[in-house]
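A short write-up of the structure that comes next.
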């Protein structure tokens, strides 16, 4: 296994400018072996630009990006030996069949059409005799996914890979990614499907306006945000709304309270509620979606008390 | 019901014109400038009767008939010379323009998926096709009218208003007729590539048929729609019958296209895409074999197309190389040997023009291949390749190698066709070595032309189309240079102008090498740009 302390992908203050438009302002993150890194952010935030820069398709205007310790632009060819990539929009040559394209892509990475390839084709239920012209978006993605999963790489990059897949195929995708993880591979997964990211990713990077605004594990991120609490108490709780860290307090009939609580104030609030004799209590950890919404809402920007 | 089918046609037409306006303007300005510009120059060139008589003698030779069409009978004025030089040529240019517009509007839209969005709105089933046809009709009508008015103002000796409008509107209508033909073909195929290839095959067949009948049986040209433009007999008879025929054929084609359109699904064609192999052949293993695989059909069509074009021209060498036909008096003045030598010289001179035409035609697939580094990138087809262990240099070299080999081979096929065709009909065939002299002679300017495209792809990918324009200018200067008495320097603006009439004259080794050197330098410069720039993303 590769040394787990050394990142496979290392990005340090990466910048990219298209003419006057600064697409990437400040991107930094690392991906380690055996790790699935979720890359999320609104449309146009710079996810695909980051990925294309990592792949040496675009030339960075500042900062540094290395894979296996090598510069992504200068040593692109060497690096690509150990990379598998599935673009966000898969365009395939219309007059070749899916099967021909899979084989070609494998040969280009010096891999073979193996038993694994055969199994993947069967699992994804792809008709490989059809010309790419006739494929739907999902089927085009399957072609690229099959080629990627059956090639032997150390870093797998998926740019919104499941946006055209049905739930069954999405599950196959997730299963395959977990296998890669178990095998100690590094995976960069850019996605909009938050449940997918939540389920599979060890760490997450949130990008907005060309900047990474947050990185860390979901647990760490949750810590930054609030837990939703639905509580019923025997005694009234007049002071609750004045306590620090309490937000969005609403009262339903039967003395049911809905509120959200800052993680760091959890202890105080719970102690207070216990004094008021809890009848029932439901706590929901913030979903990635809640996190996401907070960071995405660009009109409010990142703030800890706004909604 | 009928109205429903065409709902929003006018709206879509306006939308199309808005979308295409730049392309429309460039084509229209180029065509009008060419036509009216030549007209304006003509009185100066062929104002005197002696000048007219002289050029008429040339235009009446079979060689010139094969290139420019049949002359009506005399006596001749400046206007007659103009009409016979320009009619066939302007039709060819119009056909290229019309194919490009109609296939883009009917097939290109389907491929990008925009048509699906439009069709999901309250738009008639036939509206897309009818708006595309209407757009083409308007473009041709406006260009035709400006031709006619331009001729009125140019005031060539021997023109009349009837003839001016016949020629102008007739040329416009001829263009439109070909867009209706392509519209039918676009319904048969399910992608723009096949539609383009098929349309040009049909056009090519008509062109060859027109050439052969012009030389041997001018009456038979009536059977060929492309030949109708010659039958205007502008300024002599001012015959409007061909215009009526064109209208009729266009209506029939439009009717067929609508019927076909009504009987198929959006996005599909009558000729369906077949399934293929589920595995790649061992041969398909890298960028070079991929590019060959992607383009093989069109390259093979180019190869055989040029070979057939060559063979057809070759098959009229006996008529062309018969000096006695145009000048029977020579029989008394010269002995057989001298007459033979004169005949061979005529053919060689004709060959010098043909070879440039063939070289330029063979360049088109070469340029298209090189431009794929830009177009393929733009459409996203190359993104998967770029993520592989394929360096830019390898990708670049693969496409360049294929482009050079393809252009050289296709050019060779054309030359071979000329040789074989000529050999079949001539009593004293011209030696293959003379053809080969011409072949090697034009390889070096071809390399420069490919090099220019490489440079554009590397440094100014947005402007790759410019090189097509340069080729067209080159073609025009070489083709018309003598007839329009263009100044000598004009030839030197293109690398082809430095190849001094090979194979009439000898092949110049030093020219060959300095041109090859320039070609290589351009390629290296292009690569340096390509290596360091961003790849295009859609």
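Chains as they are written, first to last, in my numbering: chain A, 56 to 362; chain B, 3 to 540. Note that the Cβ used here is the ideal one computed from N, Cα and C, for glycine as well.
Test: residue i CB closer than 8 Å to a CB of chain B
i, result
"residue 112 of chain A", "yes"
"residue 164 of chain A", "yes"
"residue 360 of chain A", "Residue confidence is low: residue 360 of chain A scores 40 on pLDDT, short of 50, so the model does not pin down where it sits. Its coordinate-derived value is still stated next. Answer no: the Cβ-Cβ gap between residue 360 of chain A and chain B never drops below 8 Å."
"residue 149 of chain A", "yes"
"residue 138 of chain A", "yes"
"residue 199 of chain A", "yes"
"residue 121 of chain A", "no"
"residue 69 of chain A", "no"
"residue 354 of chain A", "With a pLDDT of 46 at residue 354 of chain A, under the threshold of 50, the modelled position of that residue is not reliable, and no figure is offered here."
"residue 144 of chain A", "yes"
"residue 302 of chain A", "no"
"residue 65 of chain A", "no"
"residue 168 of chain A", "yes"
"residue 389 of chain A", "It is not possible to answer for residue 389 of chain A, since the shown part of chain A is limited to 56 through 362."
"residue 183 of chain A", "yes"
Cα-Cα separation between residue i and residue j, rounded to whole angstroms
i, j, result
"residue 173 of chain A", "residue 408 of chain B", "36 Å"
"residue 405 of chain B", "residue 195 of chain B", "18 Å"
"residue 202 of chain B", "residue 243 of chain B", "26 Å"
"residue 317 of chain B", "residue 422 of chain B", "8 Å"
"residue 375 of chain B", "residue 368 of chain B", "12 Å"
"residue 9 of chain B", "residue 129 of chain B", "6 Å"
"residue 183 of chain A", "residue 91 of chain A", "29 Å"
"residue 240 of chain A", "residue 103 of chain A", "21 Å"
"residue 247 of chain A", "residue 152 of chain B", "60 Å"
"residue 543 of chain B", "residue 188 of chain A", "Because chain B spans 3 through 540 in this model, residue 543 of chain B falls outside it and cannot be assessed."
"residue 295 of chain A", "residue 235 of chain A", "48 Å"
"residue 438 of chain B", "residue 417 of chain B", "8 Å"
"residue 207 of chain A", "residue 107 of chain A", "21 Å"
"residue 156 of chain A", "residue 484 of chain B", "51 Å"
"residue 126 of chain B", "residue 132 of chain B", "10 Å"
"residue 514 of chain B", "residue 497 of chain B", "11 Å"
"residue 288 of chain A", "residue 313 of chain A", "12 Å"
"residue 540 of chain B", "residue 275 of chain B", "Interpretation of residue 540 of chain B is limited by its pLDDT of 42, a score under 50 that renders its predicted location unreliable; no figure is taken from the coordinates."
"residue 319 of chain B", "residue 277 of chain B", "45 Å"
"residue 1 of chain B", "residue 63 of chain B", "A query on residue 1 of chain B cannot be resolved here, the shown segment of chain B reaching from 3 to 540 and no further."
"residue 358 of chain A", "residue 333 of chain A", "Annotation note: pLDDT 41 at residue 358 of chain A (below 50); position unreliable, no value reported."
Listed by chain order, chain A residues near residue i by CB distance under 8 Å
i, result
"residue 189 of chain B", "Simply none; closest approach about 17 Å."
"residue 391 of chain B", "132, 133, 135, 136, 163, 164, 165"
"residue 534 of chain B", "114"
Under 7 Å from the C-beta of residue i: neighbouring residues of chain A
i, result
"residue 388 of chain B", "110, 112"
"residue 275 of chain B", "186, 188, 189"
"residue 193 of chain B", "149, 188"
Burial state of residue i (16 or more Cβ within 10 Å)
i, result
"residue 446 of chain B", "buried"
"residue 77 of chain B", "exposed"
"residue 250 of chain B", "exposed"
"residue 394 of chain B", "buried"
"residue 225 of chain B", "exposed"
"residue 455 of chain B", "buried"
"residue 195 of chain A", "buried"
Chain A within 8 Å of residue i, Cβ atoms only
i, result
"residue 377 of chain B", "no"
"residue 383 of chain B", "yes"
"residue 337 of chain B", "no"
"residue 278 of chain B", "yes"
"residue 5 of chain B", "no"
"residue 281 of chain B", "yes"
"residue 266 of chain B", "no"
"residue 212 of chain B", "no"
8 Å Cβ cutoff met for residue i and residue j
i, j, result
"residue 281 of chain A", "residue 317 of chain A", "yes"
"residue 118 of chain A", "residue 70 of chain A", "yes"
"residue 259 of chain A", "residue 252 of chain A", "yes"
"residue 149 of chain B", "residue 19 of chain B", "no"
"residue 400 of chain B", "residue 308 of chain B", "no"
"residue 74 of chain B", "residue 235 of chain B", "yes"
"residue 80 of chain B", "residue 44 of chain B", "yes"
"residue 255 of chain A", "residue 233 of chain A", "yes"
"residue 273 of chain B", "residue 198 of chain B", "no"
Where residue i meets chain A, residues with beta-carbon distance less than 9 Å
i, result
"residue 288 of chain B", "159, 162, 163"
Neighbour list for residue i in chain E, Cβ cutoff strictly below 8 Å
i, result
"residue 152 of chain A", "Among the protein chains of the structure shown, namely A and B, there is no chain E."
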